[in-house]
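The next block holds one structure in the form of C-alpha cells; read it before the comments.
Number of protein chains: 2
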Amino acid sequence: MDYISTHQIKPGDKVDLKSIETKSRGSFDDKDDAKAFTAKTNDAIRDLQYRMFVEGKQSLLVVLQAPDAAGKDGLIRKVLGQMNPQGCRTYPFKVPSKEEAAHDFLWRIHKAAPAKGKVSVFNRSHYEDVLVVRVEDLVPKKVWSKRYEIINHFEANLAAAGTRILKFYLHISPEEQLERFGKRLENPEKHWKLNTGDYAARKKWGDYRQAYEQAIEECSTDHAPWFVIPADHKWYRDASVAGIVHQTLKDMNPQMPPVDVDLDEVRALYERELAK
Amino acid sequence: MDYISTHQIKPGDKVDLKSIETKSRGSFDDKDDAKAFTAKTNDAIRDLQYRMFVEGKQSLLVVLQAPDAAGKDGLIRKVLGQMNPQGCRTYPFKVPSKEEAAHDFLWRIHKAAPAKGKVSVFNRSHYEDVLVVRVEDLVPKKVWSKRYEIINHFEANLAAAGTRILKFYLHISPEEQLERFGKRLENPEKHWKLNTGDYAARKKWGDYRQAYEQAIEECSTDHAPWFVIPADHKWYRDASVAGIVHQTLKDMNPQMPPVDVDLDEVRALYERELAK
C-alpha cells in the first residue's frame, strides 16, 4: 500500500478533517497483521537510518502534532523511537521557558533541527504557535496569521540543506479520545496524566479543528508535506507512519560512502598482527 | 546473579586489568540463555525508567569507555538504547570542536548531564581527557594528572543533585579485538569503519591499559563506581550491563508521584462528557 499518497495533503488541497476517517484499517486483516507489518518495517527503517548515518549527507525531521491522547507517545515508543538512538533524538516542545519566550518562536525549534546523517523527532513543534496560541488567544491574530508563511520559509531553508521533513497529524475522533480518558481514570498508573484542562480543550474541539485545518492547508508543501493519519486504531497509526517513514528513507536512497582508506594497507596491517 | 558486586571496582581497589577475565560467561548456559535474560531485563528497565521519568526527582548517567571494537555501539543498540527515547539520550564525545576546546574539559560534558527524570548515556566521555590525551601526549602530565580529582569533584556534584552514575569499561582482549577488525575487513558494509589508526593504537595497548587502570582506580568512588565488564562475549557484555542498570534502578526505587488533581472532579467531567 502506498501510505504516502493515501495520507498526504497535497499543496493547494482544502482540508476538511470531519470528512477524513479516523478509523481506517488500511488493507490489514487485523491488529496482528498490522503489528507484524510495523515490526518488519521498523527493521527496514533501522537499516536505512544506518546508511543515512554513515552517508552523513541528508537528514530527516519528523513533526508530530495531535490532540491529547491521540498517541504521540505511543507512536514514538513503537515506531520512531525504534531507530538507533545514536542517530535519532526526540525533542518535546512544551510551554516555552523564559529564555525561549524571549526569542522568536522558531529559535528553540531551529536548535533541534537534525544535523547531517541524523533524525529529529518533534513531540509538538512550532505548529503550536498557530494552534494553541491561536485558540487560547495567547497572541493577537495579526501576529499568528503571519506565521504560516514564516514557517514555510523556515522549512524551505531546512529542506534546501538536505533535510526531509514529514509532518504527521494524528487524527482521532472525540469519542475515541473520551474512551482513552476513561481508561486513564481506571488505571492508577496513568493518574499522573489526568488533567481537568483536557476537558476544557474538548469544549474547543471545533476551534482546534479549524486551527489544524488552516495550518495543514497553509503549510503542506512539496518540501514539507503534512499527513493526516487515522489514529483511532493505534495499530493502524503505527503501521501507516512506519510505512511513510520507510518509503521516504527509500526515496532518499542513502549510500554507503566510498572507502577512504587503502584496503590493501589495512589488510597488510591486519595480517601482520595476526602473524604475531 | 549480583552483577554489581561481581564487576564493581571498590574505592581503594588496585586494578590489574590483565588479571580480570575478558571471556566470562557468568552463570549463563549459552548465548540464547543470556539473550533471553537481556530481553526480559530490558523490559524491567523500561518499566523503572518510566517511573523515574514520571517521578521527576532522580536521574541516571551511564558512561561508556572502551578500546575500539569493544562494543559500545552494540551495547547502546541492544541495551541502553532500548529505553524510551523521550527520557533517554545518547551523547557521543569525539574530538572536541573549536568551541569545546576553548573551554575546560568538563564544559561540554556538563551540558549533557541528565535532567531530573532523565537518562544520559555517554559514548566516550570526560575520561578521554585522562586516556587518549595522556597516551598520545596531547597535554602535559602536570595538567592531566590533576584531572582525576577534578573529575571526582564534578561527579560528586552531580550525585549530590540526585544523579546516579554508572561507569562501564568494556574489557576485551587484544585477540578478540583483532578478530573483530578481521570481520570488518570481510564485510564491505563495515569498511567505512576501517582505519589504519586502529593498528597504531594496538601498538600502545599497554599504555592504554595503564591509563585505564589509573583512571578506574582514582575515580571509582561510592557515588560514581566503575565496572569492568568482560566483553569478549557480546551477549555477556549486554546481559551484565543490563543487570547492573536494572539493579541500580530498583535501588533508586522511583515512585509514581501523588495525584495532584481532584479525581472526583475529573470523574464528574468524564461522566458528563459520556452522557452527551
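Each protein sequence line maps, in turn, to chains U and A.
According to the UniProt record's numbering, the first sequence holds residues 1 to 276 in order.
According to the UniProt record's numbering, the second sequence holds residues 1 to 276 in order.
Each residue gets a CB set at the ideal place from its N, CA and C atoms; glycine is no exception.
Where residue i meets chain U, residues with beta-carbon distance less than 9 angstroms
{"i": "Thr196/A", "result": "Val261, Asp262, Glu265, Val266, Leu269"}
{"i": "Asn123/A", "result": "Gln86"}
Reduced DSSP category for residue i - H, G, I as helix; E, B as strand; rest coil
{"i": "residue 280/A", "result": "Residue 280/A falls outside the range modelled here, since chain A spans only 1 to 276, and no answer is possible."}
{"i": "Gln65/U", "result": "strand"}
{"i": "His110/A", "result": "helix"}
{"i": "His171/A", "result": "strand"}
{"i": "Pro188/A", "result": "helix"}
{"i": "Leu131/U", "result": "coil"}
{"i": "Phe93/U", "result": "coil"}
{"i": "Ile150/A", "result": "helix"}
{"i": "Thr38/U", "result": "helix"}
{"i": "Thr196/A", "result": "helix"}
{"i": "Ser125/A", "result": "coil"}
{"i": "Val261/U", "result": "coil"}
{"i": "Val266/A", "result": "helix"}
{"i": "Phe227/A", "result": "strand"}
{"i": "Leu166/U", "result": "strand"}
{"i": "Val79/A", "result": "coil"}
{"i": "Ser220/A", "result": "coil"}
{"i": "residue 279/A", "result": "What is shown of chain A runs 1 to 276, which leaves residue 279/A out entirely."}
{"i": "Ser24/U", "result": "coil"}
{"i": "Leu138/U", "result": "coil"}
{"i": "Ser145/A", "result": "coil"}
Neighbouring residues, chain A, relative to residue i (Cβ below 8 angstroms)
{"i": "Pro257/U", "result": "Trp192"}
{"i": "Asn187/U", "result": "The premise fails here: Asn187/U is roughly 11 angstroms from chain A at the closest Cβ pair, so nothing lies under 8 angstroms."}
{"i": "Lys178/U", "result": "According to the sequence shown, residue 178/U is Leu rather than Lys. What Leu178/U touches in chain A: Tyr270, Glu273, Leu274."}
{"i": "Tyr208/U", "result": "Simply none; closest approach about 16 angstroms."}
Contact set between residue i and chain A, taken where Cβ atoms lie within less than 7 angstroms
{"i": "Thr90/U", "result": "Pro85, Gln86"}
{"i": "Ile76/U", "result": "Pro85, Gln86"}
{"i": "Gly71/U", "result": "Near Gly71/U there are no residues of chain A at all, since even the closest Cβ is about 13 angstroms away, more than 7 angstroms."}
Proximity below 8 angstroms, CB of residue i to CB of residue j
{"i": "Gln125/U", "j": "Ile150/U", "result": "Note that residue 125/U is Ser in the sequence shown here, rather than Gln. No, these two residues do not count as a Cβ contact at 8 angstroms."}
{"i": "Phe227/A", "j": "Phe168/A", "result": "yes"}
{"i": "Ala195/A", "j": "Val261/U", "result": "Contrary to the premise, residue 195/A reads as Asn rather than Ala in this sequence. A contact, by the Cβ cut-off of 8 angstroms."}
{"i": "Tyr236/U", "j": "Ala34/U", "result": "yes"}
{"i": "Val54/A", "j": "Met256/A", "result": "yes"}
{"i": "Asn123/U", "j": "Gln86/A", "result": "yes"}
{"i": "Leu170/A", "j": "Ala66/A", "result": "yes"}
{"i": "Leu166/U", "j": "Val62/U", "result": "yes"}
{"i": "His233/A", "j": "Lys23/A", "result": "yes"}
{"i": "Pro254/U", "j": "Met52/U", "result": "yes"}
{"i": "Val139/A", "j": "Tyr208/A", "result": "no"}
{"i": "Pro114/A", "j": "Leu60/A", "result": "yes"}
{"i": "Val121/A", "j": "Leu64/A", "result": "yes"}
{"i": "Trp205/A", "j": "Pro174/A", "result": "yes"}
{"i": "Leu17/U", "j": "Val241/U", "result": "no"}
Cβ-Cβ separation, residue j to residue i (assumed contact under 8 angstroms), whole Å
{"i": "His7/A", "j": "Ile229/A", "result": "6 angstroms"}
{"i": "Asp238/A", "j": "Lys78/A", "result": "5 angstroms"}
{"i": "Tyr199/U", "j": "Leu269/A", "result": "4 angstroms"}
{"i": "Ala156/A", "j": "His223/A", "result": "6 angstroms"}
{"i": "Gln58/U", "j": "Arg180/U", "result": "Contact flag wrong, Cβ pair sits at about 36 angstroms."}
Within chain A, partners of residue i - CB distance below 9 angstroms
{"i": "Val79/U", "result": "Under the 9 angstroms cutoff, chain A gives no residues; its nearest Cβ is about 11 angstroms from Val79/U."}
{"i": "Tyr199/U", "result": "Val266, Leu269, Tyr270, Arg272, Glu273"}
Under 7 angstroms from the C-beta of residue i: neighbouring residues of chain U
{"i": "Val54/A", "result": "Trp192"}
{"i": "Arg202/A", "result": "Glu273"}
{"i": "residue 277/A", "result": "This structure cannot speak to residue 277/A, because chain A is shown only from 1 to 276."}
{"i": "Asn253/A", "result": "By Cβ distance, chain U contributes nothing, its closest Cβ being about 16 angstroms from Asn253/A, past 7 angstroms."}
Amino acids of chain U, ordered along the chain, whose beta-carbon sits closer than 8 angstroms to that of residue i
{"i": "Tyr169/A", "result": "Within 8 angstroms Cβ-Cβ: nothing; Tyr169/A doesn't reach chain U, min ~19 angstroms."}
Cutoff 8 angstroms: residue i Cβ touching any chain B Cβ
{"i": "Lys203/A", "result": "This model lacks chain B altogether; the protein chains it does include are U and A."}
Inter-stretch contact (C-beta, 8 angstroms, three-pair minimum) for the segment 89-107 of chain A and the segment 9-28 of chain A: no
For the structure I just gave you, are there three or more beta carbon pairs, one from the segment 61-72 of chain A and one from the segment 263-276 of chain A, closer than 8 angstroms? Contact between the segment 61-72 of chain A and the segment 263-276 of chain A is absent, with fewer than three C-beta pairs closer than 8 angstroms.
Indicate whether the contact test is met: 3 or more Cβ pairs, each with one atom in the segment 127-142 of chain U and one in the segment 207-222 of chain U, closer than 8 angstroms. yes
Counting beta carbon pairs with one atom in the segment 240-248 of chain A and one in the segment 45-52 of chain A, are three or more of them shorter than 8 angstroms? Because the criterion of three Cβ pairs below 8 angstroms is met, the segment 45-52 of chain A and the segment 240-248 of chain A touch.
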